[in-house]
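Those protein sequences? They're chains P and A, same order as listed. Heads up, this note's numbering is the position in the first sequence plus 69, with the first residue counted as 1. Heads up, this note's numbering is the position in the second sequence plus 69, with the first residue counted as 1. Quick reminder that beta carbons are idealized off the backbone N, C-alpha and C, glycines included. All remarks here apply to the structure that follows.
There are 2 protein chains.
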Amino acid sequence: MKIDPQKPADLSAQIAQAIRSAIISGELIVDERLPSEAELSDQFQVSRPTVREALKRLAAQSLIRTQRGASGGAFVNRISFEDAYAQQVTTSTLLLSMNAVSFDTACEARFALERACAPLSAQRRTADQLATMRAEIFRQAQPGLTDEAFCASDVAFHRALVDGAGNPVLSYQLAGAVEAMQPLMNMITFTARSREEIITLHNQIADALEAQDADKVDTTLVELENYTRKLACDVAQQRRKPA
Amino acid sequence: MKIDPQKPADLSAQIAQAIRSAIISGELIVDERLPSEAELSDQFQVSRPTVREALKRLAAQSLIRTQRGASGGAFVNRISFEDAYAQQVTTSTLLLSMNAVSFDTACEARFALERACAPLSAQRRTADQLATMRAEIFRQAQPGLTDEAFCASDVAFHRALVDGAGNPVLSYQLAGAVEAMQPLMNMITFTARSREEIITLHNQIADALEAQDADKVDTTLVELENYTRKLACDVAQQRRKPA
DNA sequence: AGACTTTTAAATGTCAGACAAATAATTTTT
DNA sequence: AAAAATTATTTGTCTGACATTTAAAAGTCT
C-alpha cells in the first residue's frame, strides 16, 4: 500500500484502491487507525483534498469511519450485517430497475432463494419468528390497507421466514434480494380476491413451519410463486388492453 | 432533492444522500447529467470540494460516473451486473472475515443457495456451461496444483453451475456468495485423497446436470456439503492437537 | 491529594481561489 | 470543404486558511 504511478486514472481512486486492498488483505485490521489526512497526503505525495476524496469513497462502502477531534481520524470499520444489508438493498434495487429485469426473472430468483432456506427454517424457526409471521398475516387481512402497505407487510413476512433459518449469512443475502423486489411488486394491484388467496397461502406456510413440515412449506412456496407470476401476468395484459 | 439543514452530519454525506435518493426514486434517470460541480455548490450553498466529496461517495457505489472536458460532468450510471457483483464480493468477503462467521455457517449458506438454483440449472444448463465444468474438473485433477489454485477452480466450477440456471439475478447473488467464501475455503489443506473425493462428486454433479436429473444434483450437493464440512472440521481439530 | 475547570493541541470539516488537463464546439485557415 | 487552431467548459488537483470537535494536559480550588 504505497505506490501511485501518475499514469491512468484519478489519484483519489488509486489511493482508495490501495487502502481498500490493504484492508481486504488484512494488512490493516479492524479498528486500526489510518494515518491522518496530512500524513497520508505526505505519504502519497498528493494534496489533502485528494486524500479526502479517497477516504470518502471508502466511507461510502462502509470500509472506514471517521471521527473528529484529538485522537480522531479514520478507522477501519467492522462491516456489520446491517451495513452490508443496506448496501445490498440499494445496489440490488437499482440493478433491477435500471436493467429492465423482467418480473418473471426477478420473481423466479426470489422464490428460488426463499425455497433454499425453507428447510432450515422449518427446522429452526423460533416461536418469536412464527409470531411475527402471524402478526403480518393479520395485518394483511386488514381492509383499507394500501397496496404499498400490503407489499411492505409481505416483505416483513418473508423476512421472518428467511430469518427463521437462523443463519445470518443467509438472512443478509436473501432479505436483500426479497426487499429489492418490492418496487416491482408494488406495480401489482391487489384485489380483495387476490389478497385473500395470498393470505391463505401465507397461513399455510406459517402452519407448515409450525409443524416443521419442510415439504409442505416448499410446495406452498411454489404455489405462491405461480400465483404471484399469474397476477403480474394479468396486470401486464390489462395494461396492454385497457378496453 | 434540495435541502440541507446544517444540523447533524457531514454536508458531503447529506448531499450524497440527497442525490442518491433522487436516483433511487427515479427523479434522476440513467445517463442523465447532473449539474456541474460549480452549479451544485451554488445550489446546495457549499463549496466545490464539499460537492466533490459527495460525488466521490456516489462514484464509489457506481451510482454515477464522471467525464472531463466540455460537455463532461457527472452522469447517472446504469449499474451493470458486473459492477453489482464486484461490490457484493467485496462487501461479503469483508463481512465474513470481520465478523468471525464460522465456517459451518458460511458453508451452510453457500450450499443452501447453490441447491436453490440446481433444479433450474438441471433444466437449462447449456452445453457451453457443461464444458466449462468439465474443464475445471480436469484442471482440479492436475498434480502439483496449489491449494489456492484448486480452490479457484472450485469457485469457477460452482460459478458455472450457478450460471446454468440462466437467471442473471440468481447468478449475481449466488456467485458473489460463493466467491466470498473462497478465503475461508483457502484455509483448508486439500490432501490428494480429499481432492480425489471432491473431483468424484464434481463429476457426479456434471453427469447429473447433463442428464438433467435435478434430484441427483441435489443429493450430490448435499454429499459435497457434508464432505466439505468434515474436511474443515478435521483441519480445526488438527490445529487444536498439533501432536 | 483529589475533583473540577480551563487551556491546549490535534484532527477532521469546510471554504476560497487558483491552475492544469481534457474535451467538445467553434472559428479560422488552407 | 477539409484541416487546423482557438475557445469555452468541466473535472482533477493544489495551496492555504479557518471552523469545529474532542481528548488530553495543565491549572485551580477544596
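Can you list the residues of chain A that residue i reaches, using a CB-CB cut of under 8 Å?
i, result
"C186 (chain P)", "A181"
"R126 (chain P)", "K125, R126, A128, A129"
"A87 (chain P)", "By Cβ distance, chain A contributes nothing, its closest Cβ being about 14 Å from A87 (chain P), past 8 Å."
"A246 (chain P)", "V238, Q242"
Quick one: grab the DSSP three-state call for residue i.
i, result
"T135 (chain A)", "strand"
"D115 (chain A)", "Asp is not the amino acid found at residue 115 (chain A); the sequence shown has Val there. V115 (chain A): coil per DSSP, three-state reduction."
"F144 (chain P)", "strand"
"R102 (chain A)", "strand"
"R194 (chain A)", "coil"
"F150 (chain A)", "helix"
"Q157 (chain P)", "helix"
"L97 (chain A)", "coil"
"K310 (chain A)", "coil"
"I257 (chain P)", "coil"
"T174 (chain P)", "helix"
"A87 (chain A)", "helix"
"Q211 (chain A)", "coil"
"Q251 (chain P)", "helix"
"D79 (chain P)", "coil"
"D282 (chain P)", "coil"
"N295 (chain P)", "helix"
"N272 (chain A)", "helix"
"G235 (chain A)", "coil"
Among the options, whose alpha-carbon lies nearest the alpha-carbon of residue i?
i, options, result
"I274 (chain A)", "A:S110, A:I267, A:E265, A:V286", "A:V286"
"S161 (chain A)", "A:E248, A:R262, A:Q281", "A:E248"
"A153 (chain A)", "A:L253, A:N255, A:A218, A:Y241", "A:Y241"
"T159 (chain P)", "A:S171, A:L127, A:A178, A:R193", "A:L127"
"L300 (chain P)", "P:V291, P:F259, P:R309, P:H271", "P:F259"
"L103 (chain P)", "P:P77, P:T135, P:D79", "P:T135"
"N255 (chain A)", "A:E266, A:D111, A:V224, A:E205", "A:V224"
"E217 (chain P)", "P:A283, P:D303, P:Q251", "P:Q251"
"S222 (chain A)", "A:D111, A:R193, A:R262, A:I267", "A:I267"
"G235 (chain P)", "A:A181, A:L163, A:S263", "A:A181"
"F172 (chain P)", "P:I257, P:Q281, P:I133", "P:I257"
"C220 (chain P)", "P:L253, P:A204, P:T201, P:L243", "P:L253"
"R193 (chain P)", "P:E292, P:C302, P:D282", "P:D282"
"L243 (chain A)", "A:C176, A:R309, A:E106, A:Q306", "A:C176"
"D79 (chain P)", "A:E292, A:A129, A:R203", "A:A129"
"T174 (chain P)", "P:K310, P:C302, P:R309, P:R208", "P:C302"
Just to confirm my understanding: we take residue i, look at its own chain, exclude 5 residues before and 5 after, and list those with CB closer than 6 Å. What are they?
i, result
"Q157 (chain A)", "G245"
"L109 (chain P)", "V120"
"L239 (chain A)", "C186"
"E122 (chain P)", "S81"
"A85 (chain P)", "A123, R126, L127"
"F150 (chain P)", "P237, Y241"
"T147 (chain P)", "Note that residue 147 (chain P) corresponds to Arg in the displayed sequence, not to Thr. Same-chain partners within the cutoff: V99."
"A305 (chain P)", "none"
Give me the chain A residues within the contact set of residue i, using Cβ-Cβ distance strictly less than 7 Å, ordered along the chain.
i, result
"R121 (chain P)", "E122"
"R309 (chain P)", "Neighbours of R309 (chain P) on chain A: none; closest Cβ ~22 Å, over 7 Å."
"V99 (chain P)", "M167"
Output, in chain order, the set of chain P residues within a Cβ distance shorter than 8 Å of residue i.
i, result
"L278 (chain A)", "What L278 (chain A) touches in chain P: nothing, since even the nearest Cβ is about 16 Å away."
"R147 (chain A)", "M167, N168"
"Q281 (chain A)", "Neighbours of Q281 (chain A) on chain P: none; closest Cβ ~17 Å, over 8 Å."
"A301 (chain A)", "Near A301 (chain A) there are no residues of chain P at all, since even the closest Cβ is about 15 Å away, more than 8 Å."
"Q198 (chain A)", "The contacting residues do not exist; Q198 (chain A) stays about 17 Å from chain P at best."
Leaving out five residues on either side along the sequence, give the residues of the same chain with a beta carbon under 7 Å from the beta carbon of residue i.
i, result
"E279 (chain A)", "L199"
"T289 (chain A)", "L270, Q273, I274, A277"
"S263 (chain A)", "L300"
"R184 (chain P)", "D287, L290"
Spatial neighbours of residue i within its chain, please: CB distance less than 8 Å, with the 5 preceding and 5 following residues excluded, ordered by chain position.
i, result
"T269 (chain P)", "none"
"I206 (chain P)", "F226, I268, H271, N272, A275"
List the residues of chain P whose Cβ lies closer than 7 Å to the Cβ of residue i, in chain order.
i, result
"T162 (chain A)", "I93"
"N236 (chain A)", "T174, E177, A178"
"S81 (chain A)", "K125"
"P77 (chain A)", "Within 7 Å Cβ-Cβ: nothing; P77 (chain A) doesn't reach chain P, min ~13 Å."
"L239 (chain A)", "A178, A181"
For residue i, return the contacting residues in chain A, with the cut-off set at a CB-CB distance below 9 Å.
i, result
"F259 (chain P)", "What F259 (chain P) touches in chain A: nothing, since even the nearest Cβ is about 22 Å away."
"F150 (chain P)", "L164, N168"
Which chain P residues sit within Cβ distance under 9 Å of residue i?
i, result
"A191 (chain A)", "Neighbours of A191 (chain A) on chain P: none; closest Cβ ~13 Å, over 9 Å."
"E118 (chain A)", "A small fix is needed here, since residue 118 (chain A) is Pro in this sequence, not Glu. Under the 9 Å cutoff, chain P gives P118, R121, E122."
Please indicate yes or no: does the CB of residue i lie closer than 7 Å to some heavy atom of the ligand PLP?
i, result
"T174 (chain A)", "For the ligand PLP, the structure offers nothing, since it holds no ligand at all."
Report task. Would you be able to state if there are at least three C-beta pairs under 8 Å between the region 179-196 of chain A and the region 192-212 of chain P? Result -> no
Query raised in the report: Does the region 133-153 of chain P come close enough to the region 101-118 of chain A that 3 or more CB-CB pairs lie under 8 Å?
Result: no
Query raised in the report: With contact counted as at least three CB pairs below 8 Å, one residue from each stretch, are the region 93-102 of chain P and the region 159-167 of chain A in contact?
Result: yes
Query raised in the report: Do the region 206-218 of chain P and the region 143-150 of chain A touch if we need at least three Cβ pairs shorter than 8 Å?
Result: no
Report task. Decide yes or no for the touch test of the region 289-299 of chain P against the region 83-90 of chain A: beta carbon pairs closer than 8 Å, at least 3 of them. Result -> no
Query raised in the report: With contact counted as at least three CB pairs below 8 Å, one residue from each stretch, are the region 262-282 of chain P and the region 225-233 of chain P in contact?
Result: yes
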